[in-house]
Ligand code: HSE
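Numbering (the numbering used here), first residue to last: 186 to 623.
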């Protein structure tokens with residue numbers, strides 16, 4: 186019986202989790218593949234202690250694994266782009282199958298790498314790149330492939346979801362919770378990728394490419410981070426029946442595609458609002474399937490390892506049968522992939538949550554109402570609360586009718602310039618998600 190030999194590059198959270206899973210579930214995996222799966226070599230860069238295992242050789246020369254004849258499948262789990270790209274290119278050119286968890290690599294260089302893999306007749310798999318342990322890549326590419334997809338909305342960054350949920354329940358500070366997420370191994374090496382929406386953006390373009398048959402490209406993606414969030418907004422949102430989430434959205438509206446990562450208020454009646462902590466969720470609306478919601482842990486050693494190992498098993502099965510993947514990596518045939526018109530972020534219309542700190546005067550409300558009316562922005566809910574009776578300050582919260590961002594931001598600037606208004610206006614989109622209500 187042929188043995189499937191793996192080389193793992195990276196001994197961090199994901200690499201460690203994958204090694205643990207491969208060594209604990211050894212029989213379960215080989216029983217499914219029909220041959221033993223064995224880790225033969227590990228490439229590493231860190232100075233942390235390495236697992237002791239006499240059957241595995243270790244090398245600090247990560248690139249050497251890409252041309253090691255002992256290795257059938259190379260696992261790129263080092264993250265980052267430069268060395269990962271060189272490693273994956275070299276492995277493919279040496280006719281090794283590759284599994285990666287690297288969303289930045291796929292989002293930025295997927296087009297080149299998939300075509301290289303095709304040229305060298307090998308597979309490049311990336312289930313773990315989006316949604317940690319949620320099997321969303323395969324589901325979109327294969328299980329939902331007969332559908333016209335119209336809307337994807339996802340909580341696809343575990344770190345920001347952990348921060349927002351912990352802030353809401355514990356009232357602890359953003360920075361304290363971010364440090365905790367880093368210690369737990371959820372955050373990227375550079376956590377600004379998480380908190381600025383870059384990581385969710387990488388994941389969103391991968392999902393959109395599979396769902397809509399569009400080229401993998403970050404060019405027209407809009408991203409907004411979470412660092413401006415404050416506890417007061419989480420509290421107001423809660424009082425009004427919402428939770429604040431960091432949402433990645435690919436939605437068809439007026440025949441254009443919106444591609445955006447932004448903070449969003451989501452009704453607490455929607456199932457996705459209950460996905461807290463490091464949880465991720467992806468809601469897919471398709472015709473004729475309707476709404477499909479997948480959720481699970483979106484980061485961390487075990488969940489990510491689960492997705493990496495599922496790719497390993499698929500490739501190992503192919504190797505045993507002597508065949509290649511039967512589907513294209515992004516579902517669509519490369520010759521049928523077509524660009525779509527992407528909506529300008531300024532024109533994307535949703536309802537909004539506005540919070541305005543102002544002096545408690547009778548005049549301020551009517552001035553704000555006048556500015557909104559002039560721009561045809563309707564008010565669905567208005568709440569005002571005294572926050573500082575000594576200084577006569579109030580917080581005014583307004584839920585607007587659906588309004589384009591450009592118009593809304595211009596109104597907010599006008600409101601901020603009123604003498605009785607203090608500081609900038611907080612503006613957060615409200616995402617009216619389809620169905621799947623509790
Ligand atoms: N930093 C990522 C997250 C890791 O928090 O979601 C998983 O992709």
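Don't be surprised by glycine CBs; every beta carbon is placed ideally from N, CA and C.
All values derive from a computational prediction rather than experimental measurement.
Could you work out which residue in 351, 441, 415 and 392 is closest to residue 316 when comparing CA atoms only? 392
Cβ distance (whole Å) where residue 483 is taken to contact residue 319 below 8 angstroms: 7 angstroms
Taking 7 angstroms as the cut-off, is the beta-carbon of residue 379 closer than that to any non-hydrogen atom of ligand 1? yes
Any heavy atom of ligand 1 within a distance shorter than 7 angstroms of the CB on residue 342? yes
Please classify residue 585 as buried or exposed, where buried requires at least 16 other C-beta atoms within 10 Å of its C-beta. buried
According to DSSP, is residue 197 helix, strand or coil? coil
For the region 432–447 and the region 285–298, state whether three or more C-beta atom pairs, one from each stretch, are separated by less than 8 angstroms. no
Apply the 10 Å Cβ neighbour rule to residue 352 and answer buried if 16 or more other Cβ atoms are within range, or exposed otherwise. buried
Classification of residue 308 by the beta-carbon crowding that lies within 10 angstroms, buried from 16 upward: buried
Quick check: does the Cβ of residue 359 come within less than 7 angstroms of any heavy atom belonging to ligand 1? no
Quick one, which of 506, 334, 224 and 413 has its alpha-carbon nearest residue 434's? 334
I'd like the list of long-range same chain contacts for residue 258, defined as Cβ closer than 8 angstroms, with 5 residues on each side in sequence excluded. 189, 190, 191, 192, 281, 282, 283, 284, 497, 500, 501 and 504
DSSP state of residue 166, grouped into three classes? Past the boundaries of the shown model lies residue 166; the chain is included only from 186 to 623, so the question cannot be answered.
Mind checking which residues open and close the alpha helix (DSSP H) that includes residue 235? Unbroken run through residue 235: none, as it is neither H nor E.
Simplified DSSP state of residue 594, which is helix, strand or coil: helix
Using the Cα positions of residue 490 and residue 342, report the straight-line distance between them to the nearest angstrom. 16 angstroms
Bridge-paired residues (DSSP) for residue 270: In DSSP, residue 270 forms no bridge with anything.
Nearest CA to the CA of residue 528: which residue from 513, 571 and 442? 442
Please name the residue in 236, 274 and 470 whose C-alpha comes closest to that of residue 248. 274
DSSP state of residue 543, grouped into three classes? strand
How far does the beta strand (DSSP E) with residue 428 in it reach, from first residue to last? 427–438
Taking Cβ positions, are residue 207 and residue 224 nearer each other than 8 angstroms? yes
How far does the alpha helix (DSSP H) with residue 423 in it reach, from first residue to last? 416–424
When DSSP labels each residue in this structure, what does residue 347 get in the three-state scheme? helix
Taking residue 526 as the reference, give the member of 276, 439 and 240 with the closest Cα. 439
Return the CA-CA distance between residue 354 and residue 412, expressed in angstroms with no decimal places. 17 angstroms
Is residue 373 near ligand 1, in the sense that its beta carbon is under 7 angstroms from a heavy atom of that ligand? yes
Expressed to the nearest angstrom, what Euclidean distance is found between the alpha-carbon atoms of residue 216 and residue 419? 48 angstroms
Please report the distance separating the alpha-carbon of residue 390 from that of residue 423. 30 angstroms
Inspect the beta-carbon positions of residue 198 and residue 229 and report whether they are closer than 8 angstroms. no
Quick check on the DSSP output: the beta strand (DSSP E) that includes residue 696 runs from which residue to which? With the chain represented from 186 up to 623, any question about residue 696 goes unanswered, as that position is not in the structure.
Enumerate in chain order the residues of its own chain whose CB-to-CB distance from residue 458 is below 8 angstroms, with the five nearest sequence positions on each side excluded. 427, 428, 430, 451 and 452
What are the boundary residues of the alpha helix (DSSP H) that includes residue 364? 359–368
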